[in-house]
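Below is one structure, written out as structure tokens, with a few remarks after it.
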Amino acid sequence: MRKYEIYPTYSDFYEYHGNTEILRIRKQYGTIIRKDWIVFNSTDEAMDHFNNKCGEDIGYYH
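Take 618 as the starting number for the sequence shown in our numbering and just add one per residue.
Printed below as a string of structure tokens:
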């Protein structure tokens, strides 16, 4: 699953694939400037965070 958040000077893209980690990719003007792994103790905790705290739904992005 993928979601995104748009800010004036950058965008955050989140990827969650059903495990205990969420990948956050920060892009600025089309260039990746940072990648972070958000790690959780359980898949339920990760899915809860992804569904409730990460941006808008999106199916595909560049």
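Here a beta-carbon is modelled for each residue, glycine too, at the ideal position from N, C-alpha and C. Just so it is clear, the structure is predicted and the values come from calculations on it, not from any experiment.
CB of residue i within 8 Å of CB of residue j, strictly
{"i": "Y631", "j": "Q645", "result": "no"}
{"i": "F657", "j": "M618", "result": "no"}
{"i": "I649", "j": "E638", "result": "no"}
Span separating the alpha-carbon of residue i from that of residue j
{"i": "P625", "j": "R641", "result": "17 Å"}
{"i": "R643", "j": "N636", "result": "21 Å"}
{"i": "G672", "j": "D665", "result": "13 Å"}
{"i": "S659", "j": "D653", "result": "18 Å"}
{"i": "D661", "j": "G647", "result": "32 Å"}
Three-way DSSP call (helix, strand, coil) for residue i in this model
{"i": "T660", "result": "helix"}
Range covered by the beta strand (DSSP E) that runs through residue i
{"i": "Y633", "result": "628–633"}
Nearest-angstrom Cβ-Cβ length linking residue i and residue j, presumed shorter than 8 Å
{"i": "A663", "j": "Y633", "result": "7 Å"}
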